[in-house]
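Accompanying notes for the structure given below.
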Amino acid sequence: SIDGIKNPVFETFSYGPSKAAVHHPTRGMALHLAKDNVIVNVIAPGPFPTLMLSTGVGGGGMTDIDWSSVANRNPRQRVGTAEDIAGLAIFLSSRDGAFTVGETITCDGGSAYTT
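Take a look at the structure:
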């Protein structure tokens, strides 16, 4: 999650550090495993229409809420889709992504760079 990179929008004081705890060892594992042709990277998603995020925006866990309040905070003015994550995962799994090692890659429409 991008909450491991920036301060979360919602006051979830344990969520962000728990995600940051994934990002750091990724680099170490990537360096250790690269010699065995194992590539390690992390995809850090931003706002996606999930049960967890809908609870945070006041939807009570319902994913059919109005996502415009979340989308309006995003530079792309939308929330992410499964296709957004899939495209990045396919790239990282392909020959084209074979030289990308130990990275935390955001898939968030620019949310990580907003306040």
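Numbering (my numbering), first residue to last: 1490 to 1604.
Glycine included, each C-beta is placed from N, C-alpha and C at the ideal position.
All figures in this text were calculated on a predicted structure; none of them were measured in a lab.
**Prompt:** What residues in its chain sit with their C-beta under 7 Å from that of Leu1581, if we drop five residues either side in the sequence?
**Reply:** Hits under 7 Å: Asn1530, Thr1589.
**Residues near Ala1560 in its chain [Cβ-Cβ closer than 8 Å; skip 5 each side]** = Only Pro1536, Gln1566, Arg1567, Val1568 meet the Cβ criterion.
**Request:** Report the option in Gly1591, His1521, Asp1525, Thr1544 whose CA atom is closest to the CA atom of Val1511.
**Result:** Checking every option, the nearest Cα to that of Val1511 belongs to Gly1591.
**Message:** What does DSSP give as the partner residue(s) for Asn1594 in the beta ladder?
**Reply:** With the sequence shown as reference, residue 1594 is identified as Ile, and Asn is not the correct amino acid for it. Partner residues in the beta bridge of Ile1594, as assigned by DSSP, are Ile1532.
**Message:** On the criterion of 16 or more Cβ atoms from any shown chain inside 10 Å, does Lys1508 qualify as buried, or is it exposed?
**Reply:** Under the 10 Å beta carbon count, Lys1508 is surrounded by 16 or more other beta carbons and is classified as buried.
**Request:** Taking only the alpha-carbon atoms, compute the straight-line gap between Thr1593 and Thr1515 and give it to the nearest angstrom.
**Result:** If I take the Cα positions, the gap works out to 8 Å.
**Item:** For Gly1586 and Ala1519, the rounded distance between their alpha carbons
**Value:** Looking at the backbone, the Cα of Ala1519 and that of Gly1586 are separated by about 14 Å.
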